[in-house]
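Reading the sequence shown from the start, the letters are residues 582 to 1551 in the numbering used here. Ideal Cβ positions, reconstructed from N, Cα and C, are used throughout, including at glycine. Just so you know, these numbers come straight off a predicted model, no measurement behind them. Down below is the structure, laid out as structure tokens.
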Amino acid sequence: MPWTSTPLVGRSTELAALLSAVDDARTRRAGAVLLSGDAGVGKTRLLDEVANGAHERGFGVLVGHCTDFGDAGLPYLPFTEIFGRLAGDRPDLVESVLTNFPAIGRLLPTHRLIGAQPVPQEGQLDRAALFDAVLGAFTALSTSEPLLVIIEDAHWADDSTRDLIGFLITRLTSQRLTLVVSYRSDDLHRRHPLRRPIAEWSRNPRVRRVNLLPLDADESRVLLNSLLTEPLPETEVRRILDRASGNAFFTEELVAAASMGDGDAVPPDLADLLLVRLDPLSDDARQLARVIAVAGRRVPHDLLTAVADLPDRQLDDALRELIDAHIIDVPTSDRYYFRHALLAEAVYDDLLPGERVRQHAAYVQALKNQTVAGTAAELAGHATRSHDLATAFEARVRAGQEAISVGAPLEGLKHYEMALELFPNASPDNTIDKTWLIVDTALAATLSSQHLRALKLLRKALADLPPDAPKLQRARLLLPLADIALIIDQDQEANEAVSQALKLVHDEPSTVFKAQVASLYAKVSDALGRPMEAERWAHKALEIAREAGQESAASDAGITLAQLRRRAGDPETAAKQLEEAAIRAQLVGDPAAEVRSRFLLGSTRYEQGDLVNAKSALAFATKRAGELGRQWAAYGFDARRMLALTQFILGEWDDASATARTDSMTPAAAAAALRAVEFAVRGGRGDTAVAEELERMRKWWDLDVMLPILGLQPAVDAYRQLDQPAEAEKLIADVSALCADVFQAEWFLARIRFATLGMQVLCHRAVGEPSAAAELVSRGATLLADGQTTAEKGLPPGRLMGVEGLAWLARLESEWERLRWLAGVDAPTPADHVSAWERTVDAFGYGYTFEQAWSRVRLSAALRAAGRVAEANEQATLAADVGRELGAKPLLDEIGGVDTGGAGALTSRETEVLALLAEGRTNRQLARELYISEKTVSVHVSNILAKLGVRSRTEAAAVARRDGLLDKDQ
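Here it is in structure tokens:
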């Protein structure tokens, strides 16, 4: 049996069915299993596992293979292999078998080779006697140990072998014997000689049928990952999975090719295996397979008829032949497709270059003349491959437009980029403007969340313009450049580009384009903290649009005015204006303005702390963005990420994970950005791997600064759990420096949370580094000052801080109290310490479930240290309830698991302190021995007394001895 190290993926149901038949044989219930599946789907690997299981159950395992010898083969070949291998491994057994069943000697390999000495015989051997001998031999062998007999590749079996298998199946009774017969279902065309026997065997009540289907997407990915020695890019992984179509062998071959740097072609050995299936077919069938392969994996009947150049009768016969041979299938009444994508590739690759060009040209002719219905994308593909580049250019542009219109921007981008490459080959009468094409290509890139790609394209187009280029042509490139730069926080470039565009259109009459330039200038001014200028130009944009007779052209200006109201401290009026703007934009068909309005409405509610209404608004914005094909564009994607973040804050962690979940169609940049919310959920549940994963994603930080901003907290929490404070501090410093560079500002609101995270790291260090107490408190004072200064200077004049910012500021001040308390340096009074954490619990009460629970944990510790044990236990219980609901293991560990009292609630450190306390150690001795501060020891002792329900250290020691707590391994 060819044992393999390749892991078995999936197949639990099929494996259970096969092993069930094996188990039946142990109790003298003989049976057979017919195992079917496509070539390469994993039948042999599954049988390896079955053989392993049978060996573990004390079975003998005999395996024979059928081989394709063409028209005539060696009769009974698998049985010759079985008895020949047995003769080599167990000659004593075979000797006994030959004594009792001498006809078996006719099957031994030594008597069937060319030049071998024939077996002495009296006349011609009766076939029935041979069949009886094989059955008798298997029955005899199964008396000493139960027997599993495997016949592989029965689709190649000769007539005699098929008859012998059928005979054995009909004679299965009470032997300790299981017979498994495997075959390729895709080889069983209608006239295949195995079809009738399979049907007959299946009617036997002792026969089970197991059909091995291709692996599903998740199983295929597991198999692929198990084969890799080093990671492949995700795009290559997806390509392999798509080409392999769940076939295990195809996956292995493609992974091997990709690992050697040749992931495009079909590996030669695999191509040979696939193409050999065409050899038995007629010339018409083989030629038709080539025509279908040129079309792609699928082709409509009318298109195939127009291109195949075969009379109807010959076409039907050739199609029937391909269908019977399982080369193609007919999933619908008017379309054919190759059953395996790789078979289509192999057939296509086998064509000569001239054949390919001619076949593609035939498809171009049929599609271009509209002889049959087809898409611009199909025409573009065939025209490119037939070297008709002028037709290819026009078709690529149309295909790009169609893709954008159906909400497929990534496909639109690919078509547009190829159209730009083909532009020099456009026909002389071409009417497509290159600047328009560049701008639309940049828009497609933006809709695909590939903003840097769009900027690169526009920058190059501007650089290539001659100095005397028309002003409007330059302005048409500057406008999208400014808009995209603003989206990815390149504010300076946005300001320079839109300012230059505004100068270029200054003397132009009022037009829609001029209104759009003025509207964007207002938007950029708002982003740069110039509210008066933003308001003036927003009104100017509306005025220009009215003069141009199309007020809807300045929809963005109305939204900017609503934003200015929000920032001036009137969020309710702003929300009303945004709702109205969204409705107007929807009515006039302005998807960008509609999605922006709906996102900003949700973010306004979020900033107010109205999380329930924020979630509702963001969910609707996300839905509309998807419907409008803008799910990866600015504001559409932002709505989805903010929705996931809102769900996380509300404690709806599973919903947040679902919203942030990505798939193969998610652009890489968007997938990376959504990981931050995933990190928050995983980190909250104790997965420390998020820290390393965030570090590995540094290449995405510059593109979307929200990724490191949101991912920082779970990563810092992970580093604290791993007791790696230095790494946590470096990460905070790196993200802070990046934000300062991107925002071009020293003071930005995220610094309050960054300072809080830094303070938490200092608290962590204060517990384990008592000798550094003074230094840590000094650094904490700096962080406190940074956070408080940010609260004063991090907002434009007149703008008020939202509830989340206020909550983090309260948390920063509470962590400062906690740091001094742990370090024993200028420690706060118990009342002040408790009061600070009470304010923080209240501040997060607007709906931030997780952070409020952590604040309750800290409040519980402060209350317990103040001697207010009952109140401390109440806060711990409330925090534990949230921790259990969220599955927040680190939070539960901090309060001693799911209990809030009793020995089971002691943490490992508290158990360690208890053991030393029982030996009579003082707080100072404990501190020295455990390398922690006396203040920390005092906290641990207070926790121990509260959890054990005792009043003194002596009582704690007594309870510890009574309950056997000191006998546990420390």
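Exercise. The beta strand (DSSP E) with His646 in it runs from where to where?
Worked result: Gly641 to His646
For this session: Go ahead and pull the three-state DSSP assignment for Tyr1187.
Result: helix
Exercise. Closer than 8 Å, CB to CB, is Asp969 near chain B or not?
Worked result: Reference to chain B is not applicable here, since this structure consists of a single protein chain.
Problem set entry | Residues near Ala964 in its chain [Cβ-Cβ closer than 7 Å; skip 5 each side] | Val945, Thr972, Ala973 and Ala976
Exercise. What is the DSSP secondary structure of Tyr1216, reduced to helix, strand or coil?
Worked result: coil
Exercise. Bridge partners of Val791, per DSSP?
Worked result: Leu616
Exercise. Between which two residues does the beta strand (DSSP E) harbouring Phe919 extend?
Worked result: Arg916 to Phe919
For this session: For the beta strand (DSSP E) containing Ile731, list its first residue and its last residue.
Result: For Ile731, the enclosing beta strand (DSSP E) has its first and last residue at Leu728 to Glu733.
Exercise. How would you label Glu703, buried or exposed, when you count the other beta carbons within 10 angstroms and need 16 or more for buried?
Worked result: Low confidence applies here, because Glu703 scores a pLDDT of 46, under 50, leaving its location unreliable and the question unanswered by this model.
Problem set entry | Buried or exposed by the 16-neighbour rule on C-beta atoms within 10 Å, applied to Thr1027 | Residue environment: Thr1027 is assigned as buried (16 or more neighbouring CB atoms within 10 Å of its CB, all protein chains considered).
Problem set entry | Straight-line Cα distance separating Ala1200 from Pro1152 | 20 Å
Exercise. Is it right to say Thr1430 is buried, meaning 16 or more other beta carbons lie within 10 angstroms of its own, or is it exposed?
Worked result: buried
Exercise. Gln1302: which of Phe830, Leu596, Val1342 and Ser1184 sits nearest, CA to CA?
Worked result: Val1342
For this session: Within 10 angstroms of the Cβ of Gly1130, are there 16 or more other Cβ atoms? Answer buried if so, exposed if not.
Result: Answer is exposed; the Cβ neighbour count stays below 16.
For this session: Assign Ala1239 to one of two classes, buried (16 or more other C-beta atoms within 10 Å of its C-beta) or exposed (fewer than that).
Result: exposed
Exercise. If we count the other Cβ atoms within 10 Å of its Cβ and call it buried at 16 or more, is Trp1118 buried or exposed?
Worked result: buried
Problem set entry | Opening and closing residue of the beta strand (DSSP E) in which Ser826 lies | Unbroken run through Ser826: none, as it is neither H nor E.
Problem set entry | the stretch 727-745 touching the stretch 654-666, judged by at least three CB pairs closer than 8 Å | yes
Exercise. Just the Cα atoms here: how many angstroms apart are Arg1211 and Val1176?
Worked result: 8 Å
For this session: Apply the 10 Å Cβ neighbour rule to Glu1259 and answer buried if 16 or more other Cβ atoms are within range, or exposed otherwise.
Result: buried
Exercise. Which term fits Thr1421, buried or exposed, when burial requires 16 or more other beta carbons within 10 angstroms of its beta carbon?
Worked result: buried
Exercise. Hey, Leu769 and Val622 are a contact pair by Cβ (cut 8 Å); roughly how many whole angstroms apart?
Worked result: About 14 Å; that fails the 8 Å criterion.
For this session: Identify which residue in Leu805, Ala1253, Pro778 and Leu1487 has its Cα closest to the Cα of Gly1292.
Result: Among Leu805, Ala1253, Pro778 and Leu1487, the Cα nearest to that of Gly1292 belongs to Ala1253.
Exercise. Would you call the stretch 1536-1547 and the stretch 1487-1499 touching, i.e. three or more CB-CB distances under 8 Å?
Worked result: yes
Exercise. Helix, strand or coil for Tyr764 per DSSP?
Worked result: Three-state DSSP puts Tyr764 in a strand.
Exercise. Does the distance from the C-beta atom of Gly1150 to that of Leu1393 stay below 8 Å?
Worked result: no
Problem set entry | Near the ligand COA: Ala1362 beta-carbon under 7 Å from a heavy atom | As presented, the structure is devoid of all ligands, the ligand COA included, so that no description of it is given.
For this session: For Ser1030, count neighbouring Cβ atoms within 10 angstroms of its own Cβ and tell me buried if that reaches 16, exposed if not.
Result: buried
For this session: For the alpha helix (DSSP H) containing Glu630, list its first residue and its last residue.
Result: Where Glu630 is concerned, the enclosing alpha helix (DSSP H) stretches over Lys624 to Glu637.
For this session: Let me know if Ser826 comes out buried or exposed under the rule of 16 or more other beta-carbons within 10 Å of its beta-carbon.
Result: buried
Exercise. According to DSSP, is Leu758 helix, strand or coil?
Worked result: strand
Problem set entry | Sub-8 Å separation of Ile1525 and Glu1491 beta-carbons | yes
For this session: With a cut-off of 8 Å on the beta carbons, I'd call Trp1328 and Gly1375 a contact; round off their distance for me.
Result: Indeed they touch by this definition, with Cβ atoms about 4 Å apart.
For this session: Alpha carbon to alpha carbon, how far is Ala1434 from Ala1457? Give it in angstroms, no decimals.
Result: 9 Å
Problem set entry | Supposed close pair Thr759, Ala611 - CB separation, criterion 8 Å | 7 Å
Problem set entry | Closest Cα partner of Glu1128 within the set Val1093, Leu1109 and Ser1106 | Val1093
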